[in-house]
Amino acid sequence: MENKFSVFFRKNTVLVLSGMILLVGMMSMWQFFSLDRLFVFTDFADDSYTSYLPQWFVDESLSHEGLLSTYSFYHAAGNSYVQNIPLDPIGFVMFWIGRLMLSLFGVKGLAITYFYGKFLISFLGTGIFTYLWIRELNVGRFASMLAGIFAAFSGGIVVLSIWNIEMYGFYLAFYLFSIEQILHGRRRYFMAIAAAMLASQPYQLYLCSLFIAIYLIFRMILLKYSFKKAGVTVLWVVGMGLLGLLVNLPSLLNSLTIQLNTPRMTGANDINDFSTSFLVDGEMMSSLILRLFGHNIINNEFFISQWNNFLEAPAIYCGIITLLVFPQIFLYISNRKRILYASFLGFWLMVLLINPLRQLILLHAGDYFRYGINFFFIFMMLMLMAQSLNVLATRRRLNLPLLLVTGVLCFMLLWIHSGNIAALDFIEGLQNIWIMYFGIALMLLNVVLLVLLNNSSNRQLAKVLICSLSLFEVFVLTDSVFDGRSCVSTIDLDLSKANYDNGISSTLDDIRSKDSSQFYRVITDHHLGKSRHTSSNYNQVLGFFSTMGYNSFNQPEYVRFLQSIGMACPDVEGDSRWIQGVNYDLFSMNFMGVKYLISNKLDTINVPKPLLANSSHWQCGNNMVFRFNNPFPLGFTVDKYMTDDEFRQLLTFTVRQPHFDHVIKRLNDAGLQPREDVEAVFGKLLDMKFSSYDDIKEFLYPQMPAEYAHWVAAGLYYASHESYRQSLALLFLASVSPDSDLDLSGFQHIDVADIMRPDYLSSISNDKYDSIAKSAISESLEVSSFAHNHIKGSISVSKDKLMVLTIPYDKAWHCKVDGHDCSLSKFDVGFSGLRLPAGKHEIELSYEPLYRNAAIWISIIAALLMYVFVIYNIISSWQAL
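Sequential numbering of the sequence shown, starting at 9, is according to the numbering used here.
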């Protein structure tokens, strides 16, 4: 006879599981539930502060221009900011909740939605759908519930939640559940919903699809499907998956365009494959093993190079009991199943251990485990644990010798590799050594409780004790990740814009009171904010247009422009990640339309003379404001040109003694030790001139190890570049792409050799510079109406001119001249432009993503089909009952 507790548990297991997850979450993250602090960190993992928080301010600002935005000039020089209404059930609901909270509470409303949405979907949702997936494998409620608890507070969920990447755990759990629905011939529409949710994340869609494809093959072989039945099942999976992608087609197209074009995932800037060995090395192995036992096992800082740090190492913790129990299942299944289980788990284990295989799986897009590959191993371990525990709980078939061997092995791994980490020269002991002892104690207690479950007559009590110990385990480990963290408080968000306002807001108000122009750019000579890594995104928070920003994902053309003028090295991924803009170069700032420079230095003693000579200045509070005399407008005109290839030839390099300081810093930052043979090359480099970056690399690589040559070349690129010829050229000519079909007849082609003459710039005085600048802006675009994705203005030109727009080139920008469509061309390596005939013209610019309207209609039709299918299945199920 079942007692009342057993009956309630059997009928309300999902409710009980939800209550447990909510209880642990509130106890370990109460400061976020109470909204005393926001889920925005200023210590490690400060992307939440430097990237996500500024985006909320942008969302708030752009919301005044309409429901959905497509472009933002707050992002460095401006880039796509395409927002779509997701049509999958969860995305649709969360979108409108976010909009409602934004309208009611502003940025604070988005912060609240961010955390509560994260917990309810990622923590709670992952736990629930893991439980439902395991239940579909004919596993009992008790074992399935433990799997749900450990999935909800796994290393991937807890650690990656700090980076806003934990959603991939939820996606994968949902995918696994949906696959089982198809295999059981019911509720096939879950696969369409799963694909729709991941449509906005093409890279993760690829990874999840790869995992699901292998899992599907594994399950069909396990279930002994015939070729015909397997073919029909695959068709259902593919068909429902494609329907789901069509449901969110606008998001898919937008995200795919960004990821295929971002300089951080293409070309030379995808070099994140830190590991060159076949297998993970000693330190990496220690980190990998330790992260089986907890979230925070080897401290919480970036104190170990490569992937051994808190965030980028594989976060694969999924419960101590999982490590102890999972081998048991191999004793109770057939040889055929043993081979299948071992092969499937072994493959994902090899992905973690074998560097080339892992990099192949990741398509050589970088060795960052945060992309979701953590969860492949986690979910397979949970599946084996749940099935093993189910056999133990229902049949009392615990193999005690195997359990003891497993426990001893786990103890040895934890003890030995904790010692390896602590023994590193630059670590003074294991700072979180208590977690190691905590793991050992948990192993002992779990062994005792498993024996009790196997032998005791009161098995319900044993189950309750195991469940209670598991809850205590995930609480302590989760609390250790969040306790004492440096976070943004709600008060800071209200009073100081989350510590981004360092007197700049009042300075900006002062500037705006003096200047009513529709558009101009402002930069500062210092970064704001109090995060671990200062960010260039403060302009997003404070609401002004800059040239800098930590958001290069959809700015490939702007990055290429900065690379072409020596402001960013083509071979250094970090130079494209943290866009430093035009770096206070006078000519380039004027070209980019920088009208004001805000400095936190109140004296002008160290201010470069050219800047003082070409600006006026005044003090505002704790800041000094410099106003440039001749900043260029958003669109200006020239009548001369050269090709992009010729323009790049103007960038030269001359190595001087001070440049080696920057080179040495680059080597130190890369963790490379001084070498005499490398330093000897410095003497050969002194006073050498190079006509291109390739010439520098051709000189260096034969003379030093490749890794040293890479960073020395990068340091010289940045420190020794001479771009003053390019800067001047930008003011009086347009650089045009060689493959452009633009009609350039009637315009003067400037010879590179003329600009490269030593005497060409020697006579350029401030007066001469002023005359060049005034000539370029004398016939320029006068903006009459400005919005982030829609600009109107007028211009009058005395003869045929080329108008340069300092808007990064993007095919989604559409232009009308006097009401007639006019295509934009790529000017100045990464910007936009067009040819204008003589006369007065009305110009209209609008940002309309390619194929968006067609994609929206396809998405609506697909969503209707999907929901009709859902309703039909629900009605059919009711009728069957």
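Backbone N, C-alpha and C define an ideal beta-carbon position, used for all residues, glycine too.
Give the DSSP-derived three-state secondary structure of N463 in the structure shown.
Three-state result, N463: helix.
Secondary structure at H667, three-state DSSP: helix, strand or coil?
It is helical.
For chain C, is any of its Cβ atoms less than 7 Å away from the one on A742?
No chain C is part of this structure, which consists of one protein chain only.
Is it true that the segment 391–404 meets the segment 237–247, where meeting means three or more beta-carbon pairs spaced less than 8 Å apart?
Result no; under three Cβ-Cβ pairs closer than 8 Å.
Decide yes or no for the touch test of the segment 376–396 against the segment 153–171: beta carbon pairs closer than 8 Å, at least 3 of them.
As far as the Cβ criterion goes, the segment 376–396 touches the segment 153–171, which means the pair count is three or higher.
Taking 7 Å as the threshold (C-beta atoms), are G643 and L789 in contact?
Contact flag set, yes.
For G754, is the classification buried or exposed, using 16 other Cβ atoms within 10 angstroms of its Cβ as the cut-off for buried?
When all chains shown are included, G754 counts as exposed.
Assuming G801 and I883 make a contact with CB atoms under 8 Å, what is their CB distance in whole Å?
The pair is not a contact, with the Cβ atoms about 56 Å apart (cut-off 8 Å).
Taking DSSP as the reference, what is the three-state secondary structure of I799?
Of the three classes helix, strand and coil, the one that applies to I799 here is strand, per DSSP.
Decide if W886 is buried, meaning its Cβ has at least 16 other Cβ atoms within 10 Å, or exposed.
W886 is exposed by the Cβ-count criterion.
Taking 7 Å as the cut-off, decide whether the C-beta atoms of V876 and L844 are in contact.
No, Cβ-Cβ distance for V876 and L844 is not below 7 Å.
According to DSSP, is W171 helix, strand or coil?
W171: coil per DSSP, three-state reduction.
Considering only their Cβ atoms, is the gap separating V744 from T651 smaller than 7 Å?
Yes, they are a contact pair.
Is A721 buried or exposed, if buried means 16 or more other CB atoms sit within 10 Å of its CB?
With 16 or more Cβ atoms within 10 Å of its Cβ, A721 is classed as buried.
Express the C-alpha separation of R196 and Y880 in angstroms, rounding to a whole number.
If you take the alpha carbons of Y880 and R196, they lie about 12 Å apart.
Under the three-state reduction of DSSP, which class applies to V837: helix, strand or coil?
It is coil, neither helix nor strand.
For the segment 658–673 against the segment 616–633, do three or more pairs of beta-carbon atoms, one drawn from each stretch, fall closer than 8 Å, so that the two count as touching?
With a cut-off of 8 Å, the segment 616–633 and the segment 658–673 do not count as touching, because too few Cβ pairs lie within range.
Which residue marks the beginning of the beta strand (DSSP E) containing F690, and which one marks its end?
Taken as a continuous stretch (DSSP letters only), F690 belongs to no beta strand (DSSP E), being part of the alpha helix (DSSP H) at 684–693.
Determine which residues share a DSSP beta bridge with S607 and list them.
Answer is M632.
What do you get for L287, buried or exposed, if any count of 16 or more other CB atoms within 10 angstroms of its CB means buried?
Looking at its Cβ environment, which holds fewer than 16 other Cβ atoms inside 10 Å, L287 is exposed.
From L680 to G723, what distance separates their C-alpha atoms?
Going from the Cα of L680 to the Cα of G723 covers about 14 Å.
Going along the chain, which unbroken runs of the beta strand (DSSP E) with 3 or more residues stay wholly within the segment 507–583?
Listed in chain order, they are 529–532.
Could you spell out the range, first to last residue, of the beta strand (DSSP E) harbouring T645?
Segment 643–646, the beta strand (DSSP E) holding T645.
Mind reading off the beta-carbon distance from V837 to F569? Whole number of angstroms is fine, and I expect it under 8 Å.
Confirmed, Cβ separation roughly 5 Å.
How long is the line joining the alpha carbons of L752 and I799, rounded to whole angstroms?
In a straight line, the C-alpha of L752 is about 26 Å away from that of I799.
Does R520 pass the burial test, meaning 16 or more other C-beta atoms within 10 Å, or should it be called exposed?
Exposed is the call here.
Cutting at 6 Å between CB atoms, please list the residues of its own chain near I435, excluding the five before and the five after it.
Annotation note: pLDDT 42 at I435 (below 50); position unreliable, no value reported.
Given 8 Å as the limit, is there contact between the segment 489–509 and the segment 55–64, that is, 3 or more CB pairs closer than that?
They touch, by the three-pair rule.
For N92 and W586, I'd like the C-alpha separation in whole angstroms.
Rounded to whole angstroms, N92 to W586 spans 26 Å at the Cα level.
Relative to the alpha-carbon of L659, which residue among I763, M712, V580 has its alpha-carbon at the smallest distance?
Checking every option, the nearest Cα to that of L659 belongs to I763.
As a quick exercise: from A717, L620, L331, pick the residue whose alpha carbon is nearest that of L392.
It is L331 whose Cα lies nearest to the Cα of L392.
Hey, how far is the Cα of Y214 from the Cα of G574?
Rounded to the nearest angstrom, the two C-alpha atoms are 35 Å apart.
On the premise that L184 lies in contact with Q395, defined as a C-beta separation below 8 Å, what is that separation, rounded to the nearest angstrom?
That belief does not hold up - the Cβ atoms of Q395 and L184 are roughly 14 Å apart, past 8 Å.
Where DSSP assigns a beta bridge to C830, which residues make up the other side?
Partner(s): C823.
Going by DSSP, name the residue or residues bridged to S745.
DSSP lists no partner for S745.
Give the DSSP-derived three-state secondary structure of Q627 in the structure shown.
DSSP places Q627 in strand when its eight states are reduced to three.
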